[in-house]
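Q: Here's a structure for you.
Protein chains in written order, with UniProt numbering: chain W, 1 to 692; chain F, 1 to 692.
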């Protein structure tokens with residue numbers, strides 16, 4: 001009952017009373033709730049119309065989320081200064097001598113029991129006065145709405161639309177940035193802020209307590225960079241796939257790390273009275289919480305992703321509904337187990353995109369993509385317009401100029417301490433160096449968005465948290481409006497040279513994998529900038545083994561087991577396991593054996609086809625998302641692919657004949673299928689088939 | 001009205017807990033909420049899997065909603081008798097001497113103010129004891145959830161998927177059944193129940209008050225027949241389009257009438273103390289409320305339907321989001337204005353399907369249909385499984401055998417008093433008589449479903465309402481399981497002869513329109529069973545004028561104004577209005593001028609094409625919804641179509657050449673496009689074009 005209710009409770013008030021006047025009051029309240037919700041709907045509608053106008057006119061200097069914010073701010077100003085609805089008489093103030101506020105309250109009203117649920121604390125700002133503006137209080141959401149309603153679809157969509165091939169190819173660097181980088185950033189920001197706070201305390205500018213754990217918490221929430229804002233901008237441009245994958249992967253995992261990190265900092269509770277001193281045991285416990293929650297959420301997400309094993313191909317509606325429910329239940333299950341639902345949902349999305357997606361009927365594939373795309377769009381714009389609104393509607397803002405200045409500095413330095421040293425270290429191990437200009441782009445692309453906001457608004461009870469919230473809000477506004485708006489033109493200028501150096505330096509290979517974060521030492525061949533063909537092939541052969549093992553295991557065992565699209569297990573398992581294999585293989589797998597790759601590559605992004613497709617086809621999407629120009633060429637083919645990818649790709653082309661699936665840069669767009677003109681393709685595919 | 005009272009705290013628990021333990025308690029509560037919601041998700045998942053199994057095995061004796069109910073009942077039994085979670089200590093019971101329960105409660109907890117919102121009354125059943133089972137209390141939803149979250153998508157979907165052509169063609173009969181029929185049914189049931197209740201009072205079987213208004217209220221809520229259950233069953237069979245349209249239209253509008261009727265019965269408040277006596281003024285006021293709310297909701301729905309004038313064809317995501325938001329805002333706007341959101345949403349759906357749908361890009365057309373289909377499916381199954389759950393989880397059931405017997409009898413007689421006399425009266429005016437077997441089918445198809453349940457659970461405060469709720473639950477169960485399950489085989493037996501007589505007797509024409517309910521007298525030509533061609537043509541010419549006027553107005557002015565798909569206004573408006581017309585016509589309309597009908601008929605169901613398509617093509621969908629057999633024939637063409645429909649259809653075929661859109665009986669399925677073999681179509685279309 002919770003999730004639905006959370007949303008409802010903000011707006012709906014039930015009337016289970018036969019008393020007419022009470023009924024009328026409740027009706028009145030319901031009406032006003034509807035009107036309040038209407039404000040947000042109108043905001044979203046306005047945003048959509050303006051986005052359309054901007055897209056139509058190809059005006060790209062302000063991002064849609066920035067727009068949503070502006071509208072939010074406008075409405076906030078109107079509500080704050082224009083409308084004043086006095087406190088409703090229906091709000092009875094009970095002065096109870098309760099020591100704490102329970103989640104549920106049963107009130108005995110002359111013999112009848114009514115249940116009340118805690119909505120939250122109100123107006124503790126100025127001298128513990130209750131906020132007297134009904135309107136402002138009503139447009140304030142329970143912060144848990146963000147975590148339970150709005151964030152899950154956003155994060156799930158991010159996971160579901162991850163370009164898996166490129167993600168896995170850069171997994172080492174991504175994990176390094178996401179884990180090590182976020183922790184570095186968190187501590188750097190925490191330390192700088194602690195310095196500032198100490199200074200402010202000495203100067204007497206601080207109006208309340210601000211402990212080191214608060215500083216660390218601030219560091220954690222501000223370290224979450226937003227995949228939303230960055231990628232929405234990158235999508236509109238033709239950005240290199242690896243730059244995209246690296247940034248996207250980093251910012252997606254970033255969020256997961258930041259949310260678990262912040263909750264483990266909150267869990268830091270030293271024994272005894274002095275609750276903010278350093279204690280090794282509590283520290284270890286926090287670390288344990290971090291590991292436990294993260295791995296638990298990860299395992300749960302992946303497990304439900306595996307479990308979503310659907311055979312309902314004939315009924316797209318049932319299939320889509322089941323898919324939706326399974327994803328949602330992942331979230332709920334994680335929350336019920338005490339893990340982090342958002343993180344579980346992220347990994348569930350990644351797993352489902354990899355396995356379940358292949359089982360879906362083409363109709364369901366479209367439906368699920370479109371559904372989550374829509375949910376993501378609505379939730380994202382809702383959060384950003386609410387963000388704008390809170391700037392004026394939130395009653396306990398604490399704007400401290402010194403703190404704000406410190407925070408901006410710390411955020412900048414923290415991001416720098418994340419990107420540059422890590423890139424340097426990664427470059428020691430990586431053959432495909434991360435160029436310095438690319439590092440600047442990553443540095444610049446570190447916007448703060450929905451996750452940072454949700455984490456900071458979750459708890460605004462203490463002075464420290466209120467100051468953090470106000471400052472975070474400003475950081476989000478700044479990064480979204482200035483950086484977000486500025487990224488586009490900056491990229492225009494910076495990207496062409498970068499793209500060139502990128503292509504020269506980054507011999508896109510599958511060198512790095514899960515267990516091989518670039519820092520390992522057996523790899524530091526110094527002059528790897530330009531290698532000739534044979535040399536490169538050797539290193540590839542030698543270095544690609546972890547990926548190969550994974551790929552073969554995945555392709556031969558996991559995919560056949562979990563989807564209908566792999567080769568039948570009877571073909572891949574040793575003959576002694578024959579009966580088991582027959583029992584585990586679905587009949588469809590046999591049917592699919594012939595058109596194996598065809599089946600696979602119709603999905604979001606097929607592992608085998610992606611790199612090859614990118615290699616000989618440059619995809620460029622128009623702003624309208626319709627026209628696709630492609631320029632074929634064999635130049636990139638040998639450069640950008642490892643051998644067995646090449647072989648697979650060739651095989652694929654041979655089988656598919658005239659049909660090529662072009663993965664478009666946009667994760668939002670479904671892959672565009674281009675039918676090649678039939679004359680050139682058979683001669684192109686024939687010799688290749690002979691080579692196989 | 002009430003004002004502030006003196007509040008005494010008679011009972012309070014004060015465990016000396018600091019913030020930490022409160023946080024932990026809240027976390028615990030959140031976890032349990034997640035677990036509870038997980039129960040429902042699991043229920044839905046189980047239902048989906050079983051539905052799939054049933055569909056796969058072509059087992060049709062139990063409908064999916066019946067299944068959802070069974071699972072709900074099972075879980076209800078487990079929760080009731082298997083699990084016992086004692087009352088949580090976090091629920092502090094405040095015994096305040098408040099005169100009534102306010103919607104919002106501000107609790108002053110040692111200097112801090114916490115806001116609590118009223119969730120509802122709990123456990124007033126047995127001796128005013130508070131229900132001590134935490135679990136049962138937690139799985140109970142706020143009844144307003146149904147009206148504000150679950151019903152809107154169901155009702156909107158019903159409106160959005162109405163077969164408009166057939167709906168408008170039968171609008172007279174539909175309105176008669178929906179308005180007159182529902183009112184008759186309501187009063188018949190009310191009177192019978194009043195008889196029973198009086199008898200029970202005399203015998204001493206009644207444990208509380210039960211007034212005549214309560215009886216009428218019961219009549220109103222039980223008169224709402226469900227489009228969901230009926231049509232889901234009808235969909236699986238090949239039912240005649242007009243039978244379908246009549247039943248669907250009746251049951252959809254039924255709901256709207258019943259909800260407004262019940263609220264106006266509640267609004268019946270005679271002046272003075274004796275609040276249940278008859279009073280003409282109060283009666284008139286109630287009638288005024290009925291008219292006002294209904295027409296207000298209608299106007300609002302149609303108005304927003306008109307307003308959803310989208311030009312965002314290039315961006316399907318934005319378009320879909322906008323469409324969704326506009327539909328939602330209709331609901332909120334109606335609720336904010338004090339009208340009935342559900343009714344507004346219904347008419348908004350109908351209007352949007354008629355106008356806005358034509359403006360959408362093909363991609364958005366699919367998206368919106370699929371989105372609302374999914375929402376409808378989830379909401380519907382959720383309601384039905386919750387229904388099953390409440391049978392055991394609801395604490396204040398009052399099962400009175402006599403009342404239940406009376407109710408079943410009254411429902412049966414009420415439906416009979418609705419269908420048979422009205423059909424007789426309508427047959428006086430209708431040329432296309434409603435056959436007696438068809439009347440039996442309509443009688444039998446009157447299932448009660450989501451709306452009846454939502455209306456009855458909305459208020460369960462008094463003894464009368466509790467008894468009503470329990471009885472309603474049984475009626476819903478019975479009709480869904482027995483009638484719902486039985487309709488399929490019954491139809492198999494009954495439909496073939498019906499279908500034949502229907503086809504013989506019903507010369508499907510556009511005789512009846514809005515202002516021409518069949519009862520009017522200028523139409524009673526007695527021997528209209530079989531007429532020869534010329535005679536029929538004459539009567540049609542004479543009788544079709546109200547429809548023609550509407551059609552022409554709609555086609556020439558409304559459609560061009562509201563969509564891009566009509567002929568440009570410059571062509572249809574008189575030349576003196578030239579500048580105005582130019583200003584109001586979108587550039588696309590000119591482009592579309594040539595492929596006018598093509599554009600129209602790609603939508604759900606185009607007015608001009610439907611009847612012709614049905615005439616010469618018999619559509620049969622497989623259970624999988626994939627294979628479409630069509631049998632062309634010119635036989636039905638002249639019988640089933642009026643002249644100008646025929647002309648339009650021919651024109652259409654001429655323009656479209658090789659492509660025909662076949663509207664499938666299933667409102668859930670998108671229209672199936674069949675590409676006719678190209679050789680026969682050009683010779684077929686050429687001579688027709690010459691004829692035009």
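Backbone N, C-alpha and C fix where the C-beta goes; we use that ideal spot for every residue, glycine too.
Since residue 265(W) meets chain F, which of its residues come closer than 7 Å, beta carbon to beta carbon?
A: Those do not exist, as residue 265(W) stays about 14 Å from chain F at its closest Cβ, beyond 7 Å.
Q: Whose CA, out of 242(W), 368(W), 549(W) and 186(W), lies closest to the CA of residue 257(W)?
A: 186(W)
Q: What residues from the segment 295–323 of chain F come within 7 Å of chain W, judged by C-beta to C-beta, listed N to C?
A: 312, 314, 315, 317, 318, 320, 321 and 322
Q: For residue 225(F), name the three-state secondary structure that DSSP assigns.
A: Look at residue 225(F) here: in three-state DSSP terms it is strand.
Q: How about residue 370(W): is its C-beta nearer than 8 Å to some C-beta of chain F?
A: It does; some Cβ of chain F falls within 8 Å.
Q: Return the Cβ separation of residue 246(W) and residue 174(W) in integer angstroms, given the expectation that the two are a contact with Cβ distance under 8 Å.
A: 6 Å
Q: Pull up the distance between the alpha-carbon of residue 300(W) and that of residue 211(F), whole angstroms please.
A: 55 Å
Q: Quick one: grab the DSSP three-state call for residue 318(W).
A: The answer is helix: DSSP assigns residue 318(W) an H, G or I state.
Q: So residue 374(W) contacts chain F; which residues on that side make the cut at Cβ distance below 9 Å?
A: 317, 320, 321, 324, 367 and 371
Q: Can you tell me where the alpha helix (DSSP H) with residue 188(F) in it begins and where it stops?
A: 182–203
Q: If you measure between the beta carbons of residue 330(F) and residue 304(F), is that distance less than 8 Å?
A: yes
Q: So which residues on chain W does residue 34(F) lean against when the C-beta distance must stay under 7 Å?
A: What residue 34(F) touches in chain W: 2, 332, 335 and 336.
Q: In terms of residue numbering, what span does the alpha helix (DSSP H) encompassing residue 70(W) cover?
A: According to the DSSP assignment, residue 70(W) belongs to the alpha helix (DSSP H) that extends over 64–77.
Q: On the DSSP letters alone, give me the boundaries of the alpha helix (DSSP H) that residue 285(F) sits inside.
A: 280–307
Q: Among 250(W), 165(W), 267(W) and 366(W), which has the Cα closest to the Cα of residue 179(W)?
A: 250(W)
Q: In the structure shown, what three-state DSSP assignment does residue 340(F) receive?
A: coil
Q: Put residue 693(F) into one of helix, strand or coil per three-state DSSP.
A: In the structure as shown, chain F starts at 1 and stops at 692, and residue 693(F) therefore has no counterpart that could be examined.
Q: Are residue 372(W) and residue 153(W) touching if we call contact CB-CB under 8 Å?
A: yes
Q: Where residue 617(W) and residue 259(F) are concerned, what is the direct C-alpha to C-alpha distance, given to the nearest angstrom?
A: Reliability of the predicted coordinates at residue 617(W) is poor, the pLDDT of 30 falling under 50, and the value obtained from them is presented with this limitation in mind. Between residue 617(W) and residue 259(F), the C-alpha separation is close to 59 Å.
Q: Taking the straight line between their C-alpha atoms, what separation do you get for residue 168(F) and residue 75(W)?
A: 42 Å
Q: Going by CA-CA distance only, name the one from 43(W), 219(W) and 554(W) that's closest to residue 189(W).
A: 219(W)
Q: Using DSSP's beta-bridge definition, name the partner residues of residue 448(W).
A: 225(W)
Q: For residue 295(F), is the classification buried or exposed, using 16 other Cβ atoms within 10 angstroms of its Cβ as the cut-off for buried?
A: exposed
Q: Say whether chain F places a C-beta atom closer than 8 Å to the C-beta of residue 80(W).
A: no
Q: Please report the residue range of the alpha helix (DSSP H) in which residue 268(W) lies.
A: It is not in any alpha helix (DSSP H) - residue 268(W) carries neither H nor E in the DSSP assignment.
Q: Are residue 472(F) and residue 403(F) closer than 8 Å when you measure CB to CB?
A: no
Q: Consider the Cβ of residue 397(W): report whether some Cβ of chain F lies at a distance smaller than 8 Å.
A: no
Q: Is DSSP giving residue 168(F) helix, strand or coil here?
A: helix
Q: Report yes if the CB atom of residue 183(F) is closer than 8 Å to the CB atom of residue 389(F), and no otherwise.
A: No; because the gap between Cβ atoms is not below 8 Å, this pair is not in contact.
Q: Judging by CA-CA distance, which residue of 466(W), 150(W) and 557(W) is the nearest neighbour of residue 208(W)?
A: 466(W)
Q: Going by DSSP in three states, residue 395(F) sits in which element: helix, strand or coil?
A: coil
Q: Going by the CB atoms, is the gap between residue 181(F) and residue 422(F) shorter than 8 Å?
A: yes
Q: Residue 201(F) CB to nearest chain W CB: under 8 Å?
A: no
Q: Give me the chain W residues within the contact set of residue 328(F), using Cβ-Cβ distance strictly less than 8 Å, ordered along the chain.
A: Ordered by position in chain W, the residues that pass the 8 Å Cβ test against residue 328(F) are 41.
Q: In terms of alpha-carbon separation, which member of 306(F), 318(F) and 193(F) lies closest to residue 348(F)?
A: 306(F)
Q: What residue range does the alpha helix (DSSP H) around residue 210(W) cover?
A: First-last for residue 210(W): undefined, no H or E at that position.
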